[in-house]
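Residue numbers (the numbering used here), protein chains in the order written: chain A, 407 to 763; chain B, 407 to 763. Ideal Cβ positions, reconstructed from N, Cα and C, are used throughout, including at glycine. First the structure, in the form of structure tokens, and then the observations on it.
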């Protein structure tokens, strides 16, 4: 069973989708133009080695060699393959976190151990708790910043975790799908540590920050050549489509889009946080990502009921299905553009303060 | 190691690519228009169930229910998953055939048994030989028409094979990637037999006939719901990109493109066959597909040398690397448009009859 946001397909009407965490600036115009100019590229098989794509990714990330980069059909393909190719039989994660880690463990018949290691209000993580659960046969997977809590593990925490796991002969998988949305980016990314920790692999997504999940483009980066080779060999040939290859030629150099995105998130995340903090019937948690975890505090109201009421206002929210450790009063909201955020704020206020009385 | 045609990326100059078997009519204009009109679809995650895409495929194929259809990230993803989810530990194939079957068996640590079951000049297949190699733990995979020989197994042969395998409790995987190019299409497709043979799964590609391998769209069809469910569960979510989903809304209904493609292949395949038959230094085999297997008969010449010489004429041919059972005098040529076919013919004639003397 899949539990995800963004499931707008089962509703007949047009919805304002706060359930999926995508940059609302939309498709970069550089991609739009490149796609039009290169449509005949679809008539060829993509380069089976994806040399140019890997170079474009390496340049963007500041990674020295394309040998350290493996692209995938979305970050999720690489997460599955990284877990599989780690060769470990125990996958340790935070609780709550992205539900696909549990699904990957289930699919690969390995033990899944979600650890409740969060400090109060999801502001930090107790690394010792994670380390205590790990042995040589373990891989620890960290979503940083974490989905759905928005918790950003600072680099010193990750370094402590990576070193502790290395000592045990265990692995670390860091899912940085939302890292570009963090205020201090790239300060807390582990990208510059790949040579120091051979027991680490980082998985990133092009699709969220660049506003186009439909493109399907993710990349894994590691200093562990054997692991990358195993991942490469476990994938089918031509797994990345031409639209993603074309995107890779332009989006990473689209400085205007990148700057606009930073301006947007650094303005709208605090705006939404402040605005929603004023609604007494909900509790909003601090976040370093492009979404917020919230909790409804009204008597007789839960996330499922709130979702129904918000749908009447043509707004889709993310209920906690699939997030282990969250009861049914929790929900998640993406940060969108100002007019949408205001609509959301007004709808929540209306439902919780007026309609519900 | 991957061995495939279409590797134009390692050459600096623009080549006429006869090494990959793609419809030369190019991207359907209906797709070009739909992509422009729907570019904002990339900002959403695709429908995780791909309901509309599966319906479009079912309608095109004349399959009753979308429950019988699983789409994939290219046909090759589905071939790997079908082999894996068959649960068999022995994969039997024709020799020579598409090299990915051997790679899939290797990746999944199952036995790979290529059987030399061809009649003389690859005109037919001895089904009893294939059946003799099969036991309950076997899956037999047939590429029909076969790559690289162009052999079309007629339906009575496939029915004999499917029934024989059913009796043994063995499986049949039919790869119909090139079926739409056959003169009698859909006469020899097994699509209308899915309800009769629960031990059978058919894999097809949208990418070859519709001239756009870069799109990555294939589909598996079976009457075996358990098998399809296993395949679905073994795949990562959102494995099909938005460009492929958009293509699915228009290409299957693009009657002009389909008609033009049939006109082209029914004219150019016999044209190329007749033309190349006249060159005494090569032997060309009959084909029902959009490519021909050939053999060079000149003393001191082999496919690798011929490839080098043809590259000087800016033409890329497919040497037999990866095709078990073919010595280094064999090569493969795609059928392209008339001007390209004439250039090919002249270049071959020049190299084999003049330059080589």
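The C-beta of residue 443 of chain B has fewer than 16 other C-beta atoms within 10 Å across all chains shown, which makes the residue exposed. Linking residue 520 of chain B to residue 645 of chain A through their CA atoms gives a straight-line distance of about 26 Å. Ranking A:753, A:695 and A:758 by CA distance to the CA of residue 426 of chain A puts A:695 first. In the three-state reduction of the DSSP assignment, residue 434 of chain B falls in the coil class, being assigned neither a helical nor a strand state. With contacts defined by Cβ atoms closer than 7 Å, residue 449 of chain B and residue 617 of chain A form a contacting pair. The beta carbon of residue 479 of chain A sits closer than 7 Å to some beta carbon of chain B. Boundaries of the alpha helix (DSSP H) harbouring residue 651 of chain A: 648 to 656, taken from the DSSP string. Interface residue (Cβ-Cβ distance to chain A less than 7 Å): residue 502 of chain B is not classified as such. Under the three-state reduction of DSSP output, residue 521 of chain A falls in the strand class. It is roughly 20 Å from the alpha-carbon of residue 412 of chain B to the alpha-carbon of residue 485 of chain B.
With fewer than 16 neighbouring CB atoms inside 10 Å of its own CB, residue 541 of chain A falls in the exposed class.
When secondary structure is reduced to three states using DSSP, residue 727 of chain B falls in the coil class, being assigned neither helix nor strand.
Taking C-beta atoms as the reference points, residue 738 of chain B and residue 699 of chain B count as a pair closer than 7 Å. Of all C-beta pairs linking the segment 727 to 734 of chain A to the segment 449 to 463 of chain A, fewer than three are shorter than 8 Å, placing the two stretches out of contact. DSSP assignment within the segment 444 to 501 of chain B yields the following whole alpha helix (DSSP H) runs of 4 residues or more, N-terminal first: 457 to 467 and 481 to 491.
Residue contact check for residue 531 of chain A against chain B: no CB pair falls below 7 Å. At a cut-off of 7 Å between beta carbons, residue 730 of chain A makes no contact with chain B. A contact is defined here as three or more CB-CB pairs under 8 Å, and the segment 477 to 497 of chain B fails this definition with respect to the segment 676 to 683 of chain B. Residue 482 of chain A and residue 609 of chain A have their alpha carbons spaced roughly 9 Å apart. Residues of chain B with a Cβ closer than 7 Å to the Cβ of residue 628 of chain A do not exist; the shortest Cβ-Cβ separation is about 19 Å. Of the residues assessed, residue 525 of chain A falls on the exposed side of the cut-off, its CB having fewer than 16 other CB atoms within 10 angstroms. Under the three-state reduction of DSSP output, residue 559 of chain A falls in the coil class, being neither helix nor strand. For the 7 Å CB-CB criterion, residue 604 of chain A and residue 620 of chain A do not form a contact. Every beta strand (DSSP E) stretch that sits fully inside the segment 607 to 653 of chain B and reaches 3 residues is listed by chain position as 624 to 628.
Burial state of residue 500 of chain B is buried, judged by a 10 Å Cβ sphere holding 16 or more other Cβ atoms.
Only residues of its own chain outside the window of five on either side were considered, and among them 494, 496, 498 and 576 have a CB closer than 6 Å to the CB of residue 544 of chain B, listed in chain order. The beta carbon of residue 516 of chain A lies closer than 8 Å to those of 489, 494, 495, 496 and 497 in the same chain, with the five residues before and after it left out. Per the C-alpha coordinates, the member of A:419, A:429, A:418 and A:409 positioned closest to residue 669 of chain A is A:429. By alpha-carbon distance to residue 584 of chain A, the top candidate from A:539, A:671 and A:687 is A:671. Pairing residue 560 of chain B with residue 477 of chain B, the inter-Cα distance amounts to about 26 Å. Chain A has no Cβ within less than 7 Å of the Cβ of residue 674 of chain B. Taking 7 Å as the cut-off, the beta carbon of residue 687 of chain B is found closer than this to the beta carbon of residue 703 of chain B. Comparing C-alpha distances from residue 569 of chain A to each of A:551, A:555 and A:601 shows the shortest one belongs to A:601. Counting along the chain, the unbroken alpha helix (DSSP H) around residue 533 of chain B starts and ends at 533 to 539. The C-beta distance from residue 465 of chain B to residue 658 of chain B rounds to 7 Å, short enough to meet the 8 Å contact threshold. Residue-level contact by beta carbon holds for residue 618 of chain A and chain B, with a gap shorter than 7 Å.
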